[in-house]
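Input: a single structure, listed below in structure tokens.
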Ligand code: NDP
Ligand code: HSE
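Residue numbers (UniProt numbering): 1 to 428.
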């Protein structure tokens, strides 16, 4: 094999990074693979739009079939995003016996199994490293490097946009809105950033990670999801006063064959390695039964880091083509899905509330938790000047989720409680 031809679908943030890398590093990449890498065609919506990287305009096309049905193209790289169109394009590419690389987590979380089966059937590769945590090679680590270990738990900061927003709100006092605009400008956010801030993007990544780590076919509807839109600067400040950092984390945990997968803003002790993961960086903290604890850390979004994952996948495909083993690596979840019952879930909780600042208010709170058998680990109270209102923050010891939620509902009904919210606390 002396040459491979590539068709690229999409020339946005990641597509630009891929073209830049293939152009700049051409010699080194070709030396590594031992064959010429030819970028044949690039699908765009608008051929006249100015591009950030130089490209022969004859390579641009608005006709996807010039790529999908082109017998001269060996590998299709899908970087247009979205689900329906990307699904149809990848399916067609696979049926036409083309190897495929994608960064599309929306698609892989929903149709991953079906597309992987189709790839296997056609003896084609389907790689998707960039779909989780941008430049961090976590999918390779789970399928290869950690394959011998039994993974028990993964805690991931897997969305760069929300981590960037929370970092800016925490350290620079920037508003949520300004931080989001900045993340969009830097190219981290999805075309519709709702999926970032509502936690859906992180949930999709946890679905993909769970397939590979546990061989369990988790679906999006199995994931409990809460985004960061309700996290305020005050929540961040009062969590800090008790020694915690708020992060949007995804947790996938298996015990006794049952799995619990969730994404929510969570308090981490300041000393936890994940607490110091800032800006668009991502990290996945993995608990293996023999290996113990490992953390994979790096840039989770953006042009360069994501392009590295895509082009590294490309090198794997070229190697597999040369060896005649495309489609052989494909891994499908084999176990059944057994969700962990809510009644078995335990956690620590952080409660933040405003309470009338009058005698007996505080003891009403502590009495409630005492009666429910929930013990408190940390308490903080300060008056809000000029309002006869107290700002109260509490961290409980571990408690059953169901019991805590019942107690929290009772607390909200107290006449002295003006408003209250809670977050989970993860010890690690
Ligand atoms: P962008 O929105 O920046 O780019 C999308 C590109 O696809 C554009 O070039 C656009 O064309 C083209 N496109 C979209 N729809 C069509 C269509 N119907 N026909 C032809 N071309 C089309 O997206 P990103 O590069 O940010 O993301 C691409 C994928 O990578 C997504 O799945 C995303 O989730 C994933 N990803 C993104 C990361 C990031 O940091 N941005 C990180 C990891 C994964 P035109 O230029 O003409 O408008
Ligand atoms: N929007 C995603 C993020 C891109 O912010 O993490 C990387 O998958």
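Glycine included, each C-beta is placed from N, C-alpha and C at the ideal position.
All of these numbers come straight from a predicted model, not from anything done at the bench.
Three-state secondary structure assigned by DSSP to residue 171: Residue state, collapsed to three classes: helix.
Please confirm if residue 121 has its CB atom under 8 Å from at least one CB of chain B. Given the protein chain composition of this structure (a single chain), no chain B is represented.
With residue 73 and residue 98 assumed to form a contact (beta carbons below 8 Å), what rounded beta-carbon distance in angstroms separates them? The pair is a contact, with the Cβ atoms about 6 Å apart (cut-off 8 Å).
Please confirm if the segment 245-265 is in contact with the segment 395-408, defined as three or more CB-CB distances below 8 Å between the two stretches. no
Taking DSSP as the reference, what is the three-state secondary structure of residue 131? helix
Sorted by chain position, which residues of the same chain lie with C-beta nearer than 6 Å to residue 356's C-beta, five sequence neighbours on each side aside? So the qualifying residues of the chain are 416.
Please tell me whether residue 169 and residue 233 are closer than 8 Å, where the distance is taken between their beta carbons. With respect to the 8 Å criterion, residue 169 and residue 233 are classified as neighbours on the basis of their beta carbons.
Exposed unless 16 or more other CB atoms sit within 10 angstroms - verdict on residue 344: exposed
What are the partner residues of residue 65, as DSSP defines its beta bridges? According to DSSP, which records beta bridges pairwise, residue 65 is partnered with nothing at all.
How should residue 48 be labelled, buried or exposed, when 16 other C-beta atoms within 10 angstroms of its C-beta is the threshold for buried? exposed
Is it the case that the Cβ atoms of residue 289 and residue 149 are separated by a distance below 8 Å? yes
Three-state class that DSSP yields for residue 4 in the structure shown: strand
Is residue 79 near the ligand NDP, with its Cβ less than 7 Å from a heavy atom? yes
Stretch pair the segment 378-387 + the segment 237-247: three plus CB contacts closer than 8 Å: yes
Would you say residue 108 and residue 128 are within 8 Å of each other, going by their C-beta atoms? yes
Report whether the distance from the Cβ of residue 43 to the nearest heavy atom of the ligand NDP is below 7 Å. yes
State yes or no: is the C-beta of residue 296 nearer than 7 Å to some heavy atom of the ligand HSE? no
For the UniProt domain "ACT" (350-425), list the alpha helix (DSSP H) runs that are entirely contained and at least 4 residues long, ordered along the chain. 361-371 and 401-413
State the beta-bridge partners of residue 296 as determined by DSSP. 284
My output table needs one value for residue 321: the three-state DSSP class, helix, strand or coil. helix
Measuring CB atoms only, is the segment 304-322 touching the segment 11-24, in the sense that at least three cross pairs come out at less than 8 Å? yes
Do residue 213 and residue 151 have their C-beta atoms closer together than 8 Å? yes
Does the count of Cβ pairs from the segment 315-328 and the segment 30-43 closer than 8 Å reach three? yes
Which complete alpha helix (DSSP H) runs does the segment 19-76 hold, if anything under 4 residues is left out? 26-33 and 65-68
So residue 157 is in the beta strand (DSSP E); what residue range does that whole segment cover? 151-157
Nearest-angstrom Cα distance between residue 125 and residue 390? 60 Å
According to DSSP, what are the bridge partners of residue 269? 244
Indicate, with yes or no, if the ligand HSE has a heavy atom lying under 7 Å from the CB of residue 105. Taking non-hydrogen atoms of the ligand HSE into account, the C-beta of residue 105 is found less than 7 Å away from one of them.
As a quick exercise: from 364, 427 and 342, pick the residue whose alpha carbon is nearest that of residue 400. 342
Name the residue from 165, 171, 211 and 238 whose alpha carbon lies nearest to the alpha carbon of residue 180. 165
Could you tell me the distance, in whole angstroms, from the CA atom of residue 418 to the CA atom of residue 197? 27 Å
Contact between the segment 272-289 and the segment 104-121 is defined here as three or more beta-carbon pairs at a separation below 8 Å; is this criterion met? no
Any residue with its Cβ nearer than 6 Å to a heavy atom of the ligand HSE should be included. What is that list in chain order? 134, 159, 160, 161, 188, 189, 190, 196, 201, 300 and 301
At a cut-off of 7 Å, is residue 46 close to the ligand NDP when judged by its beta-carbon and the heavy atoms of the ligand? Closer than 7 Å to some heavy atom of the ligand NDP: that describes the Cβ of residue 46.
Boundaries (first-last residue) of the beta strand (DSSP E) holding residue 102: 99-102
Name the DSSP beta bridge partners of residue 339, please? 259
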